[in-house]
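Written below as C-alpha cells is the structure these notes are about.
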Amino acid sequence: MNQERTILTGVLQDDFQKLEAMFERTFDFTYRNFEINFSYDAVIVFLDGLVNMDRLDSNIISPLLQFKGTLCLEAAFPQELENAIFSAALNKCVTLQEVASGILDGNTVLLIDGFKQALIISEKTWEQRSVEEPATEAVVYGPREGFIENLHMNTSLIRRRLRTTQLKMESMTIGALSKTEIVITYLDGIADPGVVEEVRTRLNRIQIDAIEESSYIQEFIEDNPYSVFPQVLQTERPDRVVGNLLEGRIGIFCDNTPFVLIVPITFYQLMNATEDYYERFLLASAIRCLRYLFLGIALLFPSIYIAVTTYHQELLPTNLLFSVAAARESVPFPVFVAALLMEISFEALREAGIRLPRPVGGAVSIVGALVIGQAAVQAGIVGAPLVIVVSITGIASFMFPSYSLTGAIRLLRFPMMFLAAVLGLYGILLGIFFIVIHLTRLRSFGVPYLSPIAPFTLTELKDVMVRAPWWAMSERPHDTAKKNTSRFKKWLRPQSPNRKN
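Quick note: the working numbering has the sequence shown finishing at residue 503, numbered continuously throughout.
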C-alpha cells in the first residue's frame, strides 16, 4: 500500500478498516454505520468534540435516513445526496489521506459503499473565548475588541473594518504535525508586491513539526535573528493591524493565537501606541516625547548613576554629593555590584508577578519591591539613592507600548552598566555608539530600521517623534507603500470660517 497516497477503493469495509487503522488508539474517533434507502451501506466518521452534534443529526443523518431516491453506482459521488445534505461547505476527496485530514480539521466525512469518492461536510465547532478587550494593549480611547485564538474570527474582525476587494487573504499550512493554518493579509495596490512575495518565500521555507504560537514564525522570518531588537511587530488589536495595512504593511495571522505579526516595521512603530491616533495630535505628541525621554531613562539611568558616583563625582551638586556619599558610607559593595543586585532582584520580582495568579501577582511584585528595597537600605546593603534609581528605571520600562521592545531595553541595560563601571561616561557613550550603529544596519524585510531618520526623509517625519494632525498626513510611508502613497487629497486642511466684525 502506498503510504503517500492511498486511493479509495469504493469497497466500504476495506476503506473504513484502513481509516480505522490510521486512527488506532484514538478515543475520540467516532463513527456511525447506517443504510441509505435500505439499500446502500454508509458510514459517517468524525472526532468527538470537534463537531456540532445537533447540526450533525439534523443536517446530515436525518436527511440521509429519509432519502428515498435511487443511486447509480459510479466513481463520482452522487449529486442527489449532495443536494439532500443541509450544509454550506461540501468537498469531495479520493484518497484516505484527504479523508483523514478532513476529519482532523473537525469535519464530518461520509463514505458510501460502491463510491470511490468521500464527501467532507463542514459541521465543525469547538469552544472558544469571546472577543474582548486585549490584556497587553489596553487603551483609554478606541475599540475594545481584541483578537482571540480562532483564526477565522480574527480575519473577520479585519473584514469588518476594511470592506474592499483590495484586502487579500492568502492561506497556507505550516507544521508537519500541527498543520497550522497561516493567513497572509495585505491591501492589493498599496503593499509592495516584492515584500509580499518575500513574506511568502520566508514562510514557505519554514519546515517544522508544529507551530504553537506566532512567535515561532517570528524567529524564522526575521532579517537578523541575533539582534535583541524585534524586527516583527506583534499585536492583538484589529485596529492596529488595519492601520498598518493601510500603510502598505503585511499582516500574518496564525491559528490558535491572538497575536498577529506585522512586517516590515521600524523602530518608531514599536514606540507608537494605537491610542496616539485617537488622541488630539498635541497631546499625542507630548506623550510620545515623554516615551522617548523614559526610553533613555530605562536604558541609561543606572549606568549614569554608576559612572557619576564612581568616576565623575564633580558633576554632582555639592549637597547632592554629600547626600549620596552619606548613604553609601556603610554600604560594603561597590556601586556596580549593588546596582546589579538591585536590578536582578527587581527583574525577578517582575517575572514573579507575571507568573503568579492574577489576584496575587500584582501585590507580590509591588509589596516585594517595597519590602526588599526598604530592608536592603536598613541593612546597609545598598544606599537609598540607588533604590530610587532602580525604581524610576523600572517605572520607565513600563512606558513602551511594545513588550518585545521592553525586553530588548531590559537586556541592554546590563552591558551598559558594565561599561559604565569600567569606563565611566566614556563607556556609556561607547555603548550608545555601538547601539546606534547596530540599529542603522538593521533591516526589517529590507526596510531600514531607523527609517525615515536614517536614511533621512524630511517629508515622512510627521509620524515619528511627534504626530502631525490627520489632515497633514496625506501620504503613506514610501518604504512600504511605493505604488500608492496618497491617503487623501491635500486640501482637506480645515479652514477657519470668515467672521464679520
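All residues carry an ideal CB built from backbone N, CA and C; glycine is no exception.
- Contact between residue 419 and residue 341 holds, since their C-beta atoms are separated by about 6 Å, short of 8 Å.
- Contact between residue 227 and residue 160 fails: their C-beta atoms lie close to 28 Å from each other, not under 8 Å.
- For residue 347, the uninterrupted alpha helix (DSSP H) segment begins and ends at 337-357.
- Remark: C-beta atoms of residue 313 and residue 391 do not approach each other more closely than 8 Å.
- The C-beta of residue 224 has 16 or more other C-beta atoms within 10 Å across all chains shown, which makes the residue buried.
- In the structure shown, residue 22 falls within a helical segment according to DSSP collapsed to helix, strand and coil.
- Rounded to whole angstroms, the separation of the alpha carbons of residue 191 and residue 185 is 18 Å.
- Per DSSP, residue 425 lies in no beta strand (DSSP E) segment; the continuous alpha helix (DSSP H) that holds it begins and ends at 405-425.
- Residue 307 has no beta-bridge partner at all, per DSSP.
- DSSP, reduced to helix, strand and coil, places residue 82 within a helical segment of the structure shown.
- Judged by DSSP secondary structure, residue 236 falls within the beta strand (DSSP E) whose first and last residues are 235-237.
- At a Cβ-Cβ threshold of 8 Å, residue 261 and residue 277 do not count as neighbours.
- Pairing residue 438 with residue 266 gives a Cβ-Cβ distance that is not under 8 Å.
- Annotation: residue 141 to residue 117 spans about 57 Å, alpha carbon to alpha carbon.
- Sequence-distant partners of residue 393 (beyond 5 residues in either direction) whose C-beta falls short of 6 Å from its own C-beta are missing from its chain.
- Partner residues in the beta bridge of residue 97, as assigned by DSSP, are 9.
- Separation of residue 251 and residue 133 (C-alpha to C-alpha, rounded to the nearest whole angstrom) is 24 Å.
- The closest CA to that of residue 310, considering only 477, 326, 296 and 147, is found on 326.
- Shown here, residue 166 sits in coil according to DSSP, grouped into three states, outside any helix or strand.
- Cβ contact annotation for residue 487 (same chain, cutoff 7 Å, sequence separation greater than five): 477, 478 and 480, in chain order.
- DSSP, read as helix, strand or coil, puts residue 108 in coil.
- With at least 16 other beta carbons inside 10 angstroms of its own, residue 156 counts as buried.
- Exposure of residue 397 is indicated by the presence of fewer than 16 other C-beta atoms within 10 angstroms of its C-beta.
- From the listed residues 41, 301 and 378, the smallest Cα separation to residue 330 is found for 378.
- Rounded to whole angstroms, residue 475 and residue 432 show a C-alpha spacing of 37 Å.
- The beta strand (DSSP E) runs lying completely inside the stretch 139-209 and spanning 3 residues or more are 169-176 and 182-189, given in chain order.
- Between residue 395 and residue 194, the CB-CB gap reaches or exceeds 8 Å.
- For the pair of segments examined, the stretch 275-294 was found not to touch the stretch 175-183: the number of CB pairs separated by less than 8 Å stays below three.
- For residue 253, no alpha helix (DSSP H) encloses it; the enclosing beta strand (DSSP E) starts and ends at 252-256.
- With at least 16 other beta carbons inside 10 angstroms of its own, residue 465 counts as buried.
- In chain order, 432 place their CB closer than 7 Å to the CB of residue 425, counting only its own chain and leaving out the 5 sequence neighbours on each side.
- DSSP, reduced to helix, strand and coil, places residue 283 within a helical segment of the structure shown.
- Burial is judged here by how many other beta carbons sit within 10 angstroms of a residue's own beta carbon; residue 246 has at least 16 and is buried.
- The beta carbon of residue 249 lies closer than 7 Å to those of 478, 479, 482 and 483 in the same chain, with the five residues before and after it left out.
- Residue burial annotation: residue 105 is buried, with at least 16 other C-beta atoms found within 10 angstroms of its C-beta.
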